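This report concerns only the one structure given below.
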Amino acid sequence: MSVLDLFRLDGEVAVVTGGAQGLGEQMCIGLAEAGASVVVADLNLEKAQKVVEHLHTLGVSALAVKVDVTKKAEVEAMVQKTVEHFGKVDVLVACAGVGQWMKAEDMPEEDWKRVLDINLNGVFFACQAAGREMLKRRKGSIITISSMSGIIVNTPQAQAHYNASKAAVIMLTKSLAAEWAPYNVRVNTIAPGYMETQLVADLLKERPEYGELWKKLTPMGRLGRPEEIKGPCVFLASPASSYLTGSVLVMDGGYTIW
Ligand SMILES: NC(=O)c1ccc[n+]([C@@H]2O[C@H](COP(=O)([O-])OP(=O)(O)OC[C@H]3O[C@@H](n4cnc5c(N)ncnc54)[C@H](O)[C@@H]3O)[C@@H](O)[C@H]2O)c1
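Under this note's numbering, the first residue of the sequence shown carries the number 144, and numbering increases by one thereafter.
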């Protein structure tokens with residue numbers, strides 16, 4: 144098989160949580176462009192349906208599913224709907240996540256718990272539900288979306304809960320990779336640096352000057368474009384990465400080098 148064919152996902156079924164916008168939306172598009180059928184799962188069903196309409200124009204099957212990843216039963220229903228509709232799950236991208244800036248000493252309990260609940264518990268529930276289907280078939284590729292914030296502490300903004308959640312996603316990824324390797328289920332994580340999505344735009348409204356500072360702290364001198372996550376995602380989803388599991392694919396314009 145030629146190397147470019149290794150990146151094809153024809154006949155594969157992918158589920159993307161947080162697929163309605165930003166990085167998740169781009170990964171839905173990338174997986175579809177590689178030939179996969181895609182389930183766009185998100186809290187925002189209306190936006191998920193818009194993404195599905197776009198995927199249909201690419202000539203693939205797609206389905207929008209409403210899910211709150213913090214609700215285990217809803218996550219299990221998401222996987223069940225995928226299996227009912229498409230017969231299987233080959234790829235999971237656990238992308239749904241939120242960010243917030245807040246000093247640790249001022250952080251109310253609810254904010255700490257909300258960020259951990261979405262960013263960590265939500266990723267675990269999705270991996271567990273999709274993983275069970277994959278283990279049965281002895282086949283699967285799971286991609287979690289962590290962050291460079293799971294490796295370094297961002298500056299100057301304070302976000303201890305976010306950083307802790309992303310570090311936990313990295314170790315969760317490695318733990319699942321070790322447990323599920325014997326079943327031919329690979330689990331890897333993409334750790335992005337600053338990407339120009341709504342999440343970052345909303346945060347920058349508080350302190351627009353941070354955007355320029357972040358660029359200076361990034362060797363490549365710019366933020367990432369959301370569509371730049373398509374390549375790493377399709378690579379990890381496909382047989383092109385068949386010997387990778389438990390790996391942390393850092394895509395940060397070089398931020399963590401310095
Ligand atoms: N943008 C960045 O710079 C950046 C950097 C590193 C990591 N990340 C991570 O990438 C992921 C996507 O970020 P983004 O920038 O595209 O964000 P975004 O805010 O643009 O999109 C996030 C999506 O997740 C959905 N979502 C939020 N809570 C949910 C829940 N409880 N259940 C289901 N869906 C939910 C939202 O509706 C939205 O569609 C997040 O995990 C984020 O932490 C982003």
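All residues carry an ideal CB built from backbone N, CA and C; glycine is no exception. Remember, predicted model here, so these are calculated numbers, not experimental data.
Bridge partners of Asn297, per DSSP?
-> BP columns for Asn297 are empty, so no partner.
Using only the heavy atoms of ligand 2, determine whether one of them is closer than 8 Å to the beta carbon of Val156.
-> In the structure on display, ligand 2 does not appear, and the ligands it does have are ligand 1.
Continuous alpha helix (DSSP H) assignments of at least 4 residues falling wholly in the segment 159-205 | 165-176, 188-200
Consider the C-beta atom of Asn306 and the heavy atoms of ligand 1; say whether any pair is separated by less than 8 Å.
-> no
Please list, in chain order, all residues of the same chain as Leu188 whose beta carbon is under 7 Å from its beta carbon, the five residues on each side excluded.
-> Ala207, Lys209
Figure out for me which residue from Val241, Gly364, Phe268, Met314 has the closest Cα to the Cα of Val343.
-> Val241
In chain order, what residues of the same chain lie with their CB nearer than 6 Å to the CB of Glu219, ignoring the 5 residues before and after it?
-> Ala272
Would you kindly work out how many angstroms separate the C-alpha atoms of Met363 and Lys256, rounded to a whole number?
-> 34 Å
With respect to the beta strand (DSSP E) encompassing Val328, which residues constitute its N-terminal and C-terminal limits?
-> 328-335
Near ligand 1: Pro375 beta-carbon under 8 Å from a heavy atom | no
For Gly230, which option in Val194, Ala216, Arg280 has the closest C-alpha, if you only look at C-alpha atoms?
-> Arg280
Which residue from Asp395, Pro369, Ile288, Trp323 puts its Cα closest to that of Thr340?
-> Pro369
Are the Cβ atoms of Val404 and Ile288 separated by less than 9 Å?
-> Limits of the chain in this structure are 144 at one end and 401 at the other, which puts residue 404 out of reach.
Write down the C-beta distance between Asp185 and Ala216 rounded to the nearest angstrom, noting that I regard them as a contact closer than 8 Å.
-> Contact flag wrong, Cβ pair sits at about 17 Å.
Would you check whether ligand 1 has a heavy atom nearer than 8 Å to the C-beta of Pro409?
-> Given that the chain is displayed from residue 144 to residue 401, the structure contains no residue 409 and the question cannot be resolved.
Nearest CA to the CA of Asp148: which residue from Phe378, Asn264, Ala310?
-> Phe378
Take the Cβ of Leu152 as the centre, count every other Cβ of all protein chains shown within 10 Å, and call the residue buried at 16 or more, exposed below.
-> buried
Can you name the residues that DSSP bridges to Thr287?
-> Ala237, Thr332
Tell me which same chain residues have a C-beta within less than 8 Å of the C-beta of Lys224, skipping the five on either side of it?
-> Val182, Leu206, Val208
Neighbourhood of Leu346 by C-beta, 7 Å cutoff - its chain only, sequence neighbours within 5 removed | Gly242, Trp244
Going by DSSP, name the residue or residues bridged to Val393.
-> Ala334
Per DSSP, which residues does Ala207 bridge with? Please list them.
-> Val183
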